[in-house]
Structure formats: C-alpha cells, structure tokens
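One structure below.
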Amino acid sequence: MIHLKLDSDASQPLEVLCLGAHSDDIEIGCGGTILHLAERFPRSRFHWVVFSAAGVRETEARRAAELFAGAKVKGPLCKTFQDGFMPYVGSDVKAFFESDLKPISPDLIFTHSGKDAHQDHRLISELTRNTFRDHLILEYEIPKYDGDLGQPSVYVPLTQDDCQKKVRFIMDSFHSQRSKPWFEESTFMALMRLRGMECNAPSRYAEAFYCRKLAL
Ligand SMILES: [Zn+2]
0 MIHLKLDSDA SQPLEVLCLG AHSDDIEIGC GGTILHLAER FPRSRFHWVV FSAAGVRETE
60 ARRAAELFAG AKVKGPLCKT FQDGFMPYVG SDVKAFFESD LKPISPDLIF THSGKDAHQD
120 HRLISELTRN TFRDHLILEY EIPKYDGDLG QPSVYVPLTQ DDCQKKVRFI MDSFHSQRSK
180 PWFEESTFMA LMRLRGMECN APSRYAEAFY CRKLAL
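Counting from 0, one number per residue, gives the positions in the sequence shown under numbering that gives the first Met the number 0.
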C-alpha cells in the first residue's frame with residue numbers, strides 16, 4: 000500500500016487543531032500521531048482545546064499538552080462545559096466554535112468520531128464538521144465500555160517509541176482516571192497493536208481515524 004503524505008513543506012508551519020470533549024480524549028485518540036507530526040514538522044503548532052476541563056482535570060490537561068507537544072502547543076484552551084451535558088447546551092458550544100475556533104483556519108483537525116457512543120463526543124464531532132467545511136478532518140476513536148469501535152479508513156503507523164511515549168505520558172498526566180479499570184497501559188497499547196496489524200505497519204503499531212472527505 001502506498002503512503003500518502005501531507006502536502007505540506009516541513010519547513011513551513013503546520014497548523015493543527017486538536018479538539019477533545021474531555022481532558023484525556025486528545026491524548027488517547029491521537030497522542031501518537033501528534034508526537035509523530037511534532038517531530039516531522041518542526042514548525043508545527045497545535046491549537047489544543049478541551050471542552051470540559053475543570054479543577055484537577057484542567058491541571059491534568061495542561062500537563063499532558065505540555066508533555067505531548069511542549070512549546071508547539073497554542074493554549075491549551077480549557078473550557079468548563081459540564082461532562083455529559085454538552086448536547087443540552089449545544090448552542091453555547093456552537094457559539095464558542097464560531098467565535099474562538101473558526102478564525103484559526105487550521106491545515107489539519109483532529110476531532111471525535113461522529114459514531115462515538117458518548118453524547119459529548121458526538122456533539123463536538125458534528126460541530127467540527129459544520130464549522131470547518133473546507134478542511135482536512137480526521138476523527139479519532141476512544142475505547143470505552145459501550146464497545147463502539149468500528150472500521151476506520153485512515154491509518155498512521157507509529158514507531159514503538161512513540162507508542163510507549165504516548166502511553167507513559169497519558170499514565171503520568173491523568174492520575175484522576177487511574178481508578179477506572181480500563182484506564183491502563185494494556186488498553187491503549189492493544190488498540191494501537193490491532194490498528195497496526197490492520198494497516199501492516201512496519202512497527203506493528205498505529206492509530207486509526209475516520210475521514211469523510213479527502214482531496215488528493
Ligand atoms: Zn471523552
């Protein structure tokens with residue numbers, strides 16, 4: 000399988016918008032790809048937005064953004080929409096998209112999958128697509144109890160080093176989540192191993208995304 004590359008000069012800034020409903024979504028969904036892009040595009044900038052990050056979860060989100068992208072992070076912008084209630088204040092979330100996010104005009108956007116079982120994730124996905132209509136959008140996946148993993152269409156093979164770094168950064172950043180039985184290294188590595196198998200990644204590991212529109 001040939002590999003398509005982003006049509007961007009590595010010496011030029013690559014503007015990436017990373018959207019996560021909750022603190023830890025961006026890192027779980029596309030943390031390895033962010034590490035990969037940050038290395039490949041030294042002048043990249045990651046506009047980092049978390050919609051529900053209050054108290055300790057804000058502290059954790061800021062720490063994680065720093066670990067994953069360091070000086071390349073723009074933000075992070077941490078909002079305090081209530082976890083689980085975003086669809087019920089959808090007009091406020093949409094207003095934030097229009098006023099604060101639309102002016103960014105990124106080259107690449109990471110957001111939630113539109114088929115995600117979590118209502119907050121689906122809302123962020125929908126608003127991403129209706130706000131950014133002429134942009135490359137990759138929708139990431141989050142493993143969860145509901146069992147909503149599907150059949151992604153875009154794969155990013157990752158080095159084992161990037162995968163291990165991703166998992167270490169997640170475990171080091173989100174202490175408040177460690178009591179959840181699924182929140183452990185093996186969950187994150189297992190999903191990347193499966194996606195790596197599906198795309199025959201040389202390193203055996205990958206992250207996978209859904210893409211609805213792509214121009215060659
Ligand atoms: Zn989430």
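All residues carry an ideal CB built from backbone N, CA and C; glycine is no exception.
- Straight-line spacing of the CA atoms in Y144 and I27 works out to 15 Å.
- The nearest non-hydrogen atom of ligand 1 is less than 7 Å from the C-beta of D119.
- Rounded to the nearest whole angstrom, the C-alpha separation of V48 and L18 is 5 Å.
- Around the beta carbon of D161, 16 or more other beta carbons sit within 10 angstroms, so the residue counts as buried.
- One thing to note: V15 has its Cβ within 8 Å of the Cβ of L107.
- Under the three-pair Cβ rule at 8 Å, the region 77 to 85 counts as touching the region 48 to 60.
- Near ligand 1, residues with a Cβ at less than 5 Å from any of the ligand's heavy atoms are A20, H21 and D24; the list follows chain order.
- In the DSSP annotation of this structure, the continuous segment of the beta strand (DSSP E) that includes G19 starts and ends at E14 to H21.
- Rounded to whole angstroms, F131 and P142 show a C-alpha spacing of 25 Å.
- In the structure shown, the three-state DSSP call for E183 is coil.
- With distances taken between CA atoms, I25 lies nearest to E65 out of L3, P41 and E65.
- By the neighbour-count definition (other C-beta atoms within 10 Å, threshold 16), F84 is an exposed residue.
- In this structure V166 does not touch F182 by the C-beta definition: roughly 11 Å separates them, more than the 8 Å allowed.
- Per DSSP, the beta-bridge partners of I136 are I108.
- Under the three-state reduction of DSSP, T127 is assigned to helix.
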